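In the working numbering, the protein residues as written are 86 to 320. A short worksheet on the structure shown next.
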């Protein structure tokens, strides 16, 4: 938990540096998000493309992906050590952020495309806008019903959902076809910050993913193994 809270400060500093870089650099440093503005029109949600050169970032990656960790072992089984890192970023959901529309990160495909890992950088509650997920909604039937205007409301009313009320340092892994959304942050002051990365599934199609939230200089350069062995020569 202490490491997650320390990394939280790194993410905030990265967001502030990226904002200070100006509008010309925005497309390189940020990824567009659903519902970026609050009810007053002010930006309340950011998707910050993280760099890997900072010692604090390398330390955090090495700690969360050490070979003995449950997260690392699970990812080894799901995607394997050579899985490409498709996204490497963090999102900040500030007080006043509105709830996002329900969505999947990739279009439906018969086989899995990506697996995304969320790591909470503070204790998270529903009030802070914890992510809402519809378990088992990665299927063709779920996507067909959700996309059908005549059936969508019935589908949503009858489909169970869960919220990712994670503690600092907890991780969530989900299939990118899963329907989910960020909740509204109704907290008085605290941002909800999540570090995340997405790994290519062994069966990843080439045409189903949206804009990848990763810095251009890191695209096609990282694997699960290189994240785990977080050192300058590997990153």
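We treat Cβ as the ideally placed atom computed from N, Cα and C, and that holds for glycine. All values derive from a computational prediction rather than experimental measurement.
- Residue 247 is classed as exposed because its beta carbon has fewer than 16 other beta carbons within 10 Å across all chains shown.
- Taking the C-beta atoms as reference points, residue 191 is found nearer than 7 Å to residue 198.
- In the structure shown, residue 251 adopts coil according to DSSP, grouped into three states.
- Here residue 119 has 185, 186, 188 as same chain residues with Cβ atoms under 7 Å from its own Cβ, once five neighbours each way along the sequence are excluded.
- The criterion of a C-beta distance shorter than 7 Å is not satisfied by residue 176 and residue 235.
- In terms of Cα proximity to residue 264, the closest of 224, 273, 274 is 224.
- Within its own chain, the residues whose Cβ lies closer than 8 Å to the Cβ of residue 300, once the five positions on either side in sequence are excluded, are 113, 114, 134, 135, 136, 173, listed in chain order.
- Shortest Cα-Cα distance from residue 312 to any of 205, 245, 244, 157 involves 157.
- Per DSSP, reduced to three states, the secondary structure at residue 132 is strand.
- For residue 298, the number of other beta carbons within 10 angstroms of its own is at least 16, and it is reported as buried.
- When rounded, the separation of the alpha-carbon atoms in residue 139 and residue 110 is 19 Å.
- With contacts defined as CB atoms closer than 7 Å, residue 205 and residue 251 qualify as a contacting pair.
- Linking residue 130 to residue 90 through their CA atoms gives a straight-line distance of about 19 Å.
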